[in-house]
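Participant: If you're matching them up, the sequences are chains A and B in order.
FYI, our numbering numbers position 342 of the first sequence as 342, with every residue one higher than the one before it.
FYI, our numbering numbers position 147 of the second sequence as 529, with every residue one higher than the one before it.
Don't be surprised by glycine CBs; every beta carbon is placed ideally from N, CA and C.
Keep in mind that this is a model prediction, so the values were computed, not measured.
Here it is: the structure, laid out below.
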Amino acid sequence: MSIQKKSIVLPLLALVALQACGKDGTDSKTTAGDMAQPAAAEQSEPKMSGGAVAQSGRDYVYIVGSSTVYPFATVVAERFGRGSEFKTPKIESTGSGGGLKLFCDGVGVDHPDVTNSSRAIKQSEVDTCAENGVTEIVEVKIGYDGIVLANALAADSVELSRADIYLALAKEVPGEAEGELIENPFETWSDVNPALPDSQIEVLGPPPTSGTRDAFVELAMEGGCKSVDWIAALKKTDKNRYKAICHTIREDGAFVEAGENDNLIVQKLEANPNAFGIFGFSFLDQNKEKVKGALVDGVAPTFDAIAAGDYPVSRPLFFYVKKAHVDVIPGLRGYLREFTSERTWGEEGYLSERGLIPMPDKERREVAAAVRDLTPLSMVIE
Amino acid sequence: MGNKLTTSEIVAAGLARRRRKETTFRLLGILATAVGVLFLGVFFATLIAKGASAFKQTFVQLEITLDAEVIAPGGEIDLEYADFDGLVRTALRSRFPDAKSRADRRELYRLISVGAGYQLRDLVASNPDLIGAKQSLWVPASSDVDMLLKGNIDASVEEALRTMSDKQIAWVESLENSGEIRSEFNDALFGNGDSRDPELAGIKGAVMGSFYMLLVTIALSFPIGVAAAIYLEEFAPKNRWSDLIEVNINNLAAVPSIVFGLLGLAVFINWMSLPRSAPVVGGLVLTLLTLPVIIIASRASIQAVPPSIREAALGLGASSTQVVFHHVLPLAMPGMLTGAIIGMSRALGESAPLLMIGMVAFIVDVPGGFTDPATALPVQIYLWADSPERAFAERTSAAIIVLLGFLLLMNLAAVIIRKRMERKW
Chain A
1 MSIQKKSIVL PLLALVALQA CGKDGTDSKT TAGDMAQPAA AEQSEPKMSG GAVAQSGRDY
61 VYIVGSSTVY PFATVVAERF GRGSEFKTPK IESTGSGGGL KLFCDGVGVD HPDVTNSSRA
121 IKQSEVDTCA ENGVTEIVEV KIGYDGIVLA NALAADSVEL SRADIYLALA KEVPGEAEGE
181 LIENPFETWS DVNPALPDSQ IEVLGPPPTS GTRDAFVELA MEGGCKSVDW IAALKKTDKN
241 RYKAICHTIR EDGAFVEAGE NDNLIVQKLE ANPNAFGIFG FSFLDQNKEK VKGALVDGVA
301 PTFDAIAAGD YPVSRPLFFY VKKAHVDVIP GLRGYLREFT SERTWGEEGY LSERGLIPMP
361 DKERREVAAA VRDLTPLSMV IE
Chain B
383 MGNKLTTSEI VAAGLARRRR KETTFRLLGI LATAVGVLFL GVFFATLIAK GASAFKQTFV
443 QLEITLDAEV IAPGGEIDLE YADFDGLVRT ALRSRFPDAK SRADRRELYR LISVGAGYQL
503 RDLVASNPDL IGAKQSLWVP ASSDVDMLLK GNIDASVEEA LRTMSDKQIA WVESLENSGE
563 IRSEFNDALF GNGDSRDPEL AGIKGAVMGS FYMLLVTIAL SFPIGVAAAI YLEEFAPKNR
623 WSDLIEVNIN NLAAVPSIVF GLLGLAVFIN WMSLPRSAPV VGGLVLTLLT LPVIIIASRA
683 SIQAVPPSIR EAALGLGASS TQVVFHHVLP LAMPGMLTGA IIGMSRALGE SAPLLMIGMV
743 AFIVDVPGGF TDPATALPVQ IYLWADSPER AFAERTSAAI IVLLGFLLLM NLAAVIIRKR
803 MERKW
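Okay, structure coming up:
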């Protein structure tokens, strides 16, 4: 008797599988109906026929890209989704480079409509895009983000110059003689600059795949690196070597790659008062009772200082839109309007509460107008 | 006999040493278990200490006038563009008339979640007769207020160092004293999809995503796994090829899960052009992941069926197919089901392969089918753990508790099935 009971299980599972397939089929039908692009053939088992899904289109905006822009883009997407008749856009956090790669893969519903980026698009990426038929790209600058070097609230406040940052973190630093490079010998901050505390150099920062790391290296490290005259002169003569000197972070343990999880860095800073962490301003803003930002070149990383352009380690944030997708993908134009409206990115917009530093009024108006007219990017070849 | 010892003397001489060894070994065993239990205890204690508060959410009572001018200008109800947030703000201003300056008012508005506006809209949509009336409503407080009342914002530190100002704290205290603030079960956590506002964020979207994925996984991996196991055990000739297959299956079970994600990206998305972020693709990838587990468990339970059963059936004239389906399979089924459930609970906890196929995404709408964009429970945990807003920390722990609850249920089911249905020979 017990054997009979057991043998029921297998057909039961098969039934579940059948229902699953049936439900699947009806579902893809309803979405296909709303679509701007016609669905060719309906099939009840999309698992087996990828083509049907690919042709059935999409009724939501598909966004990829930077993990730095992600916290801002998601807020806009959510407000847009709740406030409009359209579905909420889907946002994947892929990193700036990964996002642009997906974005440039082609035009069509399988490819993202928008990619977020914590740096400007590169010429090589524009070329890849063009090769794959993505010719008209609209660039939207959304505001600024400051990169802070923070330590625990209990630790001493420090004031760094960009040169200090470079000397403390570069793999190789200039030696006594001009043109000579030596392996970074500095172990404590006071070795770098006697005015700094006598504690071990220990900095937690993002990995090389991160846009935050790129920007930190370019703005803080290179900024300090340039202050050495002979290195600055190299920029004109040997650009590669200049970059190698200025952009290479030491690998002897003073700089620790802490992954992309900024909350984790904040926790580690609390536990270790000697350590510094590198992350975006929004994390400092949310954790200001735990950590504090170091002054860079005499300027504290505050909302106002970054907005005014006084804080040296700040960078613009962008997203890029495929012009060919606007008015084809339902909701894309609405999302653009939501993002570029005053209540979103303005001085008192809801993104500023999340730590995005707004652009000046004039710049906002210009970008908003360019987005309205969908003025495509014209990349000047350097 | 001279100085030669008798056997019992040799035994007696070594007895103390042997007993000592035995005690030491037992002590070490107890110690090892205790360390394990301790780690588990610390893990659960911190999780529950951090996450328990997320199951409660703070609500604020407001007297809101559903102004017809605002909701239905010109007589037509305009749900999409009506300023429901404005109605909430008006109510807040009349509750706290002392907030006069622009800056003060901005601070005041931050006490209430943006969810209040959505709640009003839904209320009006479901009951348009209320327009024009004054309603006393409990609306969700902002996550800052929630964190303050849960003790996660320290009001005693300097004002500049906390996310709430002295004024905001005074307003919250005034609401508290008049009983206009209360803590309720956090429905949103179980009823909503993801959100960037912690007080509105929920795990329903992720749970449904995981559910659809597991449905695809079990529907594919169980029949395929069992069929493969039966063939390999009962029918396949034992030669070099079947050995090779066996080695490969055992290898596959140990392959890091991210590799299956890469495979899924290449095959299902790039080659078969299935949609990214869809549970159907997640389910296919997890099928690849669980197949080896199910095959190995199923083969083990087929092997455990005594040969005498097969021989008896064959002796009575059953064909080999009849032997398998009438006798071996039913007897091996409890073991196979246990293997399948353990495979499923492994699949439920996976996040690495889903990274590659676009399921690490911000998705607000709860998925309603196999091709809708979705995330999974472990991915949701990962995304929340990386959010800057403070209140997501406790929600991360709460989501982990829920995930552990599901895993516990599944593993418990596996144990019960084994205990109930297993036959000892």
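#1: Quick one: residues in its chain with C-beta nearer than 8 Å to the C-beta of A:L269, no 5 flanking neighbours on either side, listed in chain order?
#2: By DSSP, does B:K532 sit in helix, in strand, or in coil?
#3: Could you have a look at A:Y311 and say whether DSSP puts it in helix, strand or coil?
#4: Out of curiosity, what's the CA-to-CA distance linking B:A588 and B:R401?
#5: Quick check on B:Y613: buried or exposed, where buried means 16 or more other Cβ atoms within 10 Å of its Cβ?
#6: How close, in whole Å, do the beta carbons of B:H709 and B:I684 come, if the pair is a contact with beta carbons under 8 Å?
#7: In angstroms, rounded to a whole number, what distance separates the CA positions of A:I63 and B:V496?
#8: Would A:T188 pass as a contact of A:Q200 if the rule is Cβ separation under 8 Å?
#9: Verify whether the separation of the beta carbon atoms of B:A635 and B:V675 is less than 8 Å.
#10: Name the residues in the region 263-296 of chain A whose C-beta lies less than 7 Å from a C-beta of chain B; which are they?
#11: Which residue from B:F642, B:I430, B:A523, B:L626 puts its Cα closest to that of B:G499?
#12: Which first and last residues belong to the alpha helix (DSSP H) in which B:E342 is found?
#13: Could you tell me whether the Cβ of B:P760 comes closer than 8 Å to any Cβ of chain A?
#14: Using DSSP's beta-bridge definition, name the partner residues of B:T447.
#15: Determine the chain B residues that contact A:K87 at a beta-carbon separation under 8 Å, and present them in chain order.
#16: Which residues in the same chain have their Cβ closer than 6 Å to the Cβ of A:E257, if we skip the five residues on either side of it in sequence?
#17: How would you list, in chain order, the residues of chain A whose beta-carbon sits under 9 Å from the beta-carbon of B:F744?
#18: Got a sec: is the Cβ-Cβ distance from A:G143 to anything in chain B below 8 Å?
#19: Applying the criterion that 16 or more other CB atoms from any shown protein chain within 10 Å of the CB defines a buried residue, is A:F103 buried or exposed?
#20: I'd like to know if the region 607-624 of chain B and the region 662-682 of chain B are in contact, where contact means that at least 3 CB-CB pairs between them fall below 8 Å.
#21: Whole angstroms is fine: what's the gap from A:S352's alpha carbon to B:E562's?
#22: When the cut-off is 8 Å and only beta carbons count, does B:E462 lie next to chain A?
#23: Nearest-angstrom Cα distance between A:S157 and B:S556?
#24: Residues of the region 98-111 of chain A with a CB closer than 8 Å to any CB of chain B: list them in chain order, please.
#25: Can you list, in chain order, the residues of its chain with a C-beta nearer than 7 Å to that of B:M718? Leave out the 5 residues immediately preceding and following it.
#26: Do you know how far the Cα of B:L668 is from the Cα of B:S565?
#27: Using alpha carbons as the reference points, say which of B:V797, B:T545, B:F466, B:T406 lies closest to B:V521.
#28: Ignoring anything shorter than 4 residues or poking outside the region 678-741 of chain B, list the alpha helix (DSSP H) runs there in chain order.
#29: How is A:G277 classed by DSSP in three states: helix, strand or coil?
#30: Using the rule of at least 16 other Cβ atoms within 10 Å of the residue's Cβ for burial, across every protein chain shown, is A:L196 buried or exposed?
#31: Could you give the DSSP three-state label for A:L167: helix, strand or coil?
#32: Taking DSSP as the reference, what is the three-state secondary structure of A:L356?
#33: Considering only their Cβ atoms, is the gap separating B:P661 from B:E804 smaller than 8 Å?
#34: Listing by chain order, which chain A residues have their CB less than 8 Å from the CB of B:L543?
#35: Quick check on A:I182: buried or exposed, where buried means 16 or more other Cβ atoms within 10 Å of its Cβ?
#36: Is A:I245 near the ligand MN - that is, is its Cβ less than 7 Å away from at least one heavy atom of it?
Facilitator: Looking at the atomic coordinates:
#1: A150, N151, A152, L204, A275, F276, G277, K290, V291
#2: coil
#3: coil
#4: Cα to Cα, B:A588 sits roughly 55 Å from B:R401.
#5: By the 10 Å Cβ count, B:Y613 comes out exposed.
#6: Not a contact, Cβ separation roughly 11 Å.
#7: 23 Å
#8: yes
#9: Going by C-beta atoms, B:A635 is nearer than 8 Å to B:V675.
#10: N263, S282, F283, Q286, K288, E289
#11: B:A523
#12: Residue 342 of chain B lies beyond the stretch modelled for chain B, which goes from 383 to 807, so this question has no answer here.
#13: Cβ-Cβ to chain A under 8 Å: no for B:P760.
#14: B:K516
#15: D747
#16: P207
#17: By Cβ distance, chain A contributes I63, Y70, A73, T74, A77, E78, T88, P89, K90, I91, E92, S93.
#18: For A:G143, the answer is no, since every Cβ of chain B falls outside 8 Å of its Cβ.
#19: buried
#20: Touching, yes.
#21: 29 Å
#22: yes
#23: Those two C-alpha atoms are separated by around 36 Å.
#24: Under the 8 Å Cβ criterion, the region 98-111 of chain A contributes D110.
#25: V608, A679, S680, S683
#26: 40 Å
#27: Closest in C-alpha terms to B:V521, from the list B:V797, B:T545, B:F466, B:T406, comes B:F466.
#28: 689-697, 711-730, 734-738
#29: strand
#30: With 16 or more Cβ atoms within 10 Å of its Cβ, A:L196 is classed as buried.
#31: When DSSP states are grouped into helix, strand and coil, A:L167 belongs to the helix group.
#32: Coil.
#33: no
#34: Those are L153, K288, E289, listed as they occur along chain A.
#35: Here A:I182 is exposed, its C-beta having fewer than 16 other C-beta atoms within 10 Å.
#36: Although the ligand MN was asked about, the structure shown includes no ligands whatsoever.
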